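Just remember that the working numbering sits 41 ahead of the position in the sequence shown, which is counted from 1.
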Amino acid sequence: MNYSVPCIYGKTGNGKISVAVPGSKSITARAFLLAALAQGESVLYGAQFSDDCAVFLNCLKNLGIGCRIDGDAVKIVGCGGVLNKKYAEIDVGSAGTAARFLPAFLAFQDGEYKITCSNQMKSRPVAPLIQTLKSLGARFTFTENENSFPFIIKGTKSPSDRVEVDVTQSSQFLSAMLISAVCARKPFKIKPVGAHGRGYVDMTLDMMRSFGVNAETFDGGYSVYGNYCAKKYDIEPDVSAACYFYAMNKILGTDISVRGLMRHSMQGDAKFIKLLENFNGGEIDMSGFSDQTLTLAAIAPYLEKPTKICGVAHIRRQECDRIRAICENLAAMGVRCDEFCDGVTIYPSAPRPAKINTFGDHRVAMSFALTGLRSEGIVIENAQVCSKTFAGYFEVLDELCKKIVKTR
Numbered sequence: 042m043n044y045s046v047p048c049i050y051g052k053t054g055n056g057k058i059s060v061a062v063p064g065s066k067s068i069t070a071r072a073f074l075l076a077a078l079a080q081g082e083s084v085l086y087g088a089q090f091s092d093d094c095a096v097f098l099n100c101l102k103n104l105g106i107g108c109r110i111d112g113d114a115v116k117i118v119g120c121g122g123v124l125n126k127k128y129a130e131i132d133v134g135s136a137g138t139a140a141r142f143l144p145a146f147l148a149f150q151d152g153e154y155k156i157t158c159s160n161q162m163k164s165r166p167v168a169p170l171i172q173t174l175k176s177l178g179a180r181f182t183f184t185e186n187e188n189s190f191p192f193i194i195k196g197t198k199s200p201s202d203r204v205e206v207d208v209t210q211s212s213q214f215l216s217a218m219l220i221s222a223v224c225a226r227k228p229f230k231i232k233p234v235g236a237h238g239r240g241y242v243d244m245t246l247d248m249m250r251s252f253g254v255n256a257e258t259f260d261g262g263y264s265v266y267g268n269y270c271a272k273k274y275d276i277e278p279d280v281s282a283a284c285y286f287y288a289m290n291k292i293l294g295t296d297i298s299v300r301g302l303m304r305h306s307m308q309g310d311a312k313f314i315k316l317l318e319n320f321n322g323g324e325i326d327m328s329g330f331s332d333q334t335l336t337l338a339a340i341a342p343y344l345e346k347p348t349k350i351c352g353v354a355h356i357r358r359q360e361c362d363r364i365r366a367i368c369e370n371l372a373a374m375g376v377r378c379d380e381f382c383d384g385v386t387i388y389p390s391a392p393r394p395a396k397i398n399t400f401g402d403h404r405v406a407m408s409f410a411l412t413g414l415r416s417e418g419i420v421i422e423n424a425q426v427c428s429k430t431f432a433g434y435f436e437v438l439d440e441l442c443k444k445i446v447k448t449r
């Protein structure tokens, strides 16, 4: 499906409009695993029902965890940290969070589990996590390439009581170990090495506390012990999804808000919404909210000064090489940009008509739709890839554009 973006610049009114977005993918995925590790039935309200979250839930079902959707809630009967199934096969598809969190959980189980994935996932980084799980005592059989998906993991009955985890490529490696550390059944110490934004780690710790487990800090590391308790849990709206609409306000002068968005959200991308209030170009380190690199890049041509984004080398290894995707699509629109190893500089420009190559990446599709709202002739190719996190994004965008123009 190709999507022709409606150019509505200069046609909008000043009316206040609110929009609904799905629940947070990051919080949903963490809540799924925390509920699966708890004792008893948890009820999760406001969960995201995207492709990635459906994959995560299906993996839990295949591992023997009781999961069902009941209206707008997800009910999960936890295993108390111990799986009854000793053999299972799961497919993590292209769901990055499931692909990092579930191997860590399975490394603590007394069983053997086969993990398959999409072709895209085979090239995404997981080697640092595998090295940590090997040091824990887990054993791996790689069915294609060494230290990559797909593989068979054999968990350990007697895990070590401390590990190091390299977070340089992804903070999810640390979050994965933190959540599942309780499965060791003893005080467990985790020492992160390398540098990476810790916003999502803070989210993980907050949610662990909500489910009854705390992680104490020591010498830059964490000590985890305890048990998760089943509970009723409300999932915040997805701030990453909300950011697209606040970026619209920046370039169109509109007054759009996202319903239910918490002023003090624990989601790291809330920093981007704050940034938009006064940012009109300049240098910005986005390592702490890197999912919004594409969003900022898409609106940067309309800012007053050149925008230099840095600190995001790791986004080259996400659903696609996102820095390369930024540069190729901006170039197609005639926008001047300079690419470097951990970011890009984008210069004020007047984008020309172009087809946007999404590279199979949901954030490329959703972000560059913003550019087209202010410039004629922008077409998003394979727009359906947004279903990974926000299946109805373009329908919501169409309805919103109609309302904005009508309020004139």
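Glycine is no exception: its CB is placed at the ideal position from the N, C-alpha and C atoms. Keep in mind it's a predicted model, so treat the numbers as computed, not measured.
Exercise. With V420 and I397 assumed to form a contact (beta carbons below 8 angstroms), what rounded beta-carbon distance in angstroms separates them?
Worked result: Position 379 of the sequence shown, counted from the start, is the residue given in the question as residue 420. Position 356 of the sequence shown, counted from the start, is the residue given in the question as residue 397. So it is a contact: roughly 7 angstroms between Cβ atoms.
Problem set entry | Cβ distance (whole Å) where K66 is taken to contact S91 below 8 angstroms | Numbered from 1 along the sequence shown, position 25 holds the residue referred to as residue 66. Numbered from 1 along the sequence shown, position 50 holds the residue referred to as residue 91. Contact between K66 and S91 holds, since their C-beta atoms are separated by about 6 angstroms, short of 8 angstroms.
For this session: Count the other CB atoms, across all protein chains shown, that sit within 10 Å of the CB of Y128; report buried if there are 16 or more and exposed otherwise.
Result: Residue mapping note: residue 128 aligns to position 87 of the sequence shown, counting from 1. Burial call: exposed.
Exercise. By the 10 Å Cβ neighbour count, where 16 or more other Cβ atoms means buried, how is F381 classified, buried or exposed?
Worked result: Translated into positions along the sequence shown, residue 381 becomes position 340. Exposed, by the Cβ-count rule.
Problem set entry | Inter-residue Cα distance where the pair is Q161 and A136 | Locating residue 161 in the sequence shown gives position 120, counting from the first residue. Locating residue 136 in the sequence shown gives position 95, counting from the first residue. In a straight line, the C-alpha of Q161 is about 10 angstroms away from that of A136.
For this session: Quick one: grab the DSSP three-state call for I367.
Result: Taking the sequence shown and counting its residues from 1, one reaches residue 367 at position 326. DSSP, reduced to helix, strand and coil, places I367 within a helical segment of the structure shown.
Exercise. Hey, quick one: how far does the beta strand (DSSP E) through C224 stretch, first residue to last?
Worked result: Taking the sequence shown and counting its residues from 1, one reaches residue 224 at position 183. Here C224 belongs to no beta strand (DSSP E), and DSSP marks it neither H nor E.
For this session: Work out the CA separation of E360 and S22 for me, nearest whole Å.
Result: The question about residue 22 has no answer, for the chain in this structure spans 42 to 449.
Problem set entry | Assigned exposure category for T182 - 16 Cβ within 10 Å defines buried | Your numbering for residue 182 matches position 141 in the sequence shown. It is exposed - the Cβ of T182 has fewer than 16 other Cβ atoms within 10 Å.
Exercise. Which residues in the same chain as G107 place their Cβ atom closer than 6 angstroms to its Cβ, once the five residues preceding and following it in sequence are excluded?
Worked result: In the sequence shown, residue 107 corresponds to position 66, counting from 1. So the list reads V118, once near-sequence residues are dropped.
Problem set entry | Euclidean distance between Cα positions of V299 and G329 | Position 258 of the sequence shown, counted from the start, is the residue given in the question as residue 299. Position 288 of the sequence shown, counted from the start, is the residue given in the question as residue 329. Answer to the nearest angstrom: the Cα atoms are 22 angstroms apart.
For this session: Name the residue from A372, T295, I356, L316 whose alpha carbon lies nearest to the alpha carbon of V60.
Result: Residue 60 sits at position 19 when you count from the first residue of the sequence shown. The residue with the shortest Cα to Cα distance from V60 is T295.
For this session: List the residues that DSSP assigns as beta-bridge partners of P394.
Result: In the sequence shown, the residue the question calls residue 394 occupies position 353. As computed with DSSP, P394 is found in no beta bridge at all.
For this session: Would you kindly check if the distance between the Cβ of A148 and the Cβ of I194 is under 8 angstroms?
Result: Here residue 194 refers to the residue found at position 153 of the sequence shown. Here residue 148 refers to the residue found at position 107 of the sequence shown. Yes, these two residues count as a Cβ contact at 8 angstroms.
For this session: State whether the segment 204-221 contacts the segment 170-178, with contact taken as three or more CB pairs (one from each stretch) at a distance under 8 angstroms.
Result: yes
Problem set entry | M42, buried or exposed, once every other Cβ within 10 Å from all chains shown has been counted against 16 | Looking up residue 42 in the sequence shown gives position 1. Per the 10 Å Cβ criterion, exposed.
For this session: For the beta strand (DSSP E) containing T348, list its first residue and its last residue.
Result: Against the sequence shown, residue 348 aligns to sequence position 307. T348 -> beta strand (DSSP E) spans 348-351.
For this session: Give the single residue among P278, L316, K346, V353 whose Cα lies nearest to the Cα of G301.
Result: Looking up residue 301 in the sequence shown gives position 260. It is P278.
Problem set entry | Touching by the beta-carbon criterion (3+ pairs, under 8 angstroms), the segment 94-104 and the segment 314-333 | no
For this session: Grab the span of the beta strand (DSSP E) containing L85 for me, first residue to last.
Result: Position 44 of the sequence shown, counted from the start, is the residue given in the question as residue 85. Segment 80-86, the beta strand (DSSP E) holding L85.
Exercise. Cβ atoms of Y274 and L85: under 8 angstroms apart, would you say?
Worked result: Working through the sequence shown from its first residue, we reach residue 85 at position 44. Working through the sequence shown from its first residue, we reach residue 274 at position 233. Closer than 8 angstroms, so yes.
For this session: Just mark H305 as buried or exposed, buried being the case when its beta carbon has 16 or more other beta carbons within 10 Å.
Result: Residue numbering aside, residue 305 sits at position 264 when the sequence shown is read from its first letter. By the C-beta density criterion, H305 is exposed, having fewer than 16 other C-beta atoms within 10 angstroms.
Exercise. For F142, which of helix, strand or coil comes out of DSSP?
Worked result: As a position in the sequence shown, residue 142 is number 101, starting the count at 1. Three-state DSSP puts F142 in a helix.
Exercise. Should M303 go down as buried or exposed, given a rule of 16 or more other Cβ atoms within 10 Å for buried?
Worked result: Walking along the sequence shown from the start, residue 303 turns up at place 262. That one is exposed.
For this session: State the start and end residues of the unbroken beta strand (DSSP E) segment that holds C108.
Result: The residue labelled residue 108 in the question sits at position 67 within the sequence shown. That run of the beta strand (DSSP E) goes 107-111.
Exercise. Name the DSSP beta bridge partners of V234, please?
Worked result: Residue numbering aside, residue 234 sits at position 193 when the sequence shown is read from its first letter. The partner list for V234 (beta bridge, DSSP) reads D207.
Exercise. Near C427, what residues of its chain come up, given a Cβ to Cβ distance below 6 angstroms and the 5 sequence neighbours on each side ignored?
Worked result: For the purposes of this step, residue 427 is taken as residue 386 along the sequence shown, with counting starting at 1. These residues qualify, in order along the chain: H403, A406, M407, Y434.
For this session: Taking G178 and S201 to be in contact with their CB atoms under 8 angstroms, please state how far apart those CB atoms are, rounded to whole angstroms.
Result: Counted from its first residue, the sequence shown places residue 178 at position 137. Counted from its first residue, the sequence shown places residue 201 at position 160. At roughly 6 angstroms, the Cβ-Cβ gap stays under 8 angstroms, so G178 and S201 are in contact.
For this session: List the whole-angstrom C-beta distance separating C351 from D326, where the pair is believed to meet the contact cut-off of C-beta under 8 angstroms.
Result: Counting from one through the sequence shown, the residue named residue 351 turns up at place 310. Counting from one through the sequence shown, the residue named residue 326 turns up at place 285. Confirmed, Cβ separation roughly 5 angstroms.
Problem set entry | Inter-residue spacing [alpha-carbon to alpha-carbon] between R449 and L335 | The residue given as residue 449 occupies position 408 in the sequence shown. The residue given as residue 335 occupies position 294 in the sequence shown. With a pLDDT of 45 at R449, under the threshold of 50, the modelled position of this residue cannot be trusted; read the value that follows with caution. C-alpha separation (whole angstroms): 29 angstroms.
For this session: Kindly list the residues whose CB is nearer than 7 angstroms to the CB of G196, restricted to its own chain and excluding five residues on each side of it in sequence; keep chain order.
Result: As a working mapping, residue 196 is identified with position 155 in the sequence shown. L147, A148, F149, Q150, D151, G152, A179.
Exercise. Per DSSP, what kind of secondary structure is R357 in: helix, strand or coil?
Worked result: The residue you call residue 357 lines up with position 316 of the sequence shown. Looking at R357 - three-state DSSP - the assignment turns out to be helix.
For this session: To the nearest angstrom, report how far apart G261 and G323 are at their CA atoms.
Result: Along the sequence shown, one-based indexing puts residue 261 at 220. Along the sequence shown, one-based indexing puts residue 323 at 282. One Cα belongs to G261, the other to G323, and the distance between them is close to 32 angstroms.
Exercise. Can you name the residues that DSSP bridges to P278?
Worked result: Position 237 of the sequence shown holds residue 278. Paired residue(s): G64.
Problem set entry | Best match in I340, S189, R71 for proximity to Q213 [C-alpha to C-alpha] | Reading the sequence shown from its first residue, position 172 is the one you call residue 213. Closest option to Q213, Cα to Cα, is R71.
Exercise. Near C284, which residues of its chain fall below 7 angstroms by C-beta distance, leaving aside the five closest residues on each side in sequence?
Worked result: On the sequence shown, position 243 is the one that residue 284 refers to. For C284, where only same-chain residues beyond five positions count, the Cβ hits under 7 angstroms are D310, F313, I314, Q333, T336.
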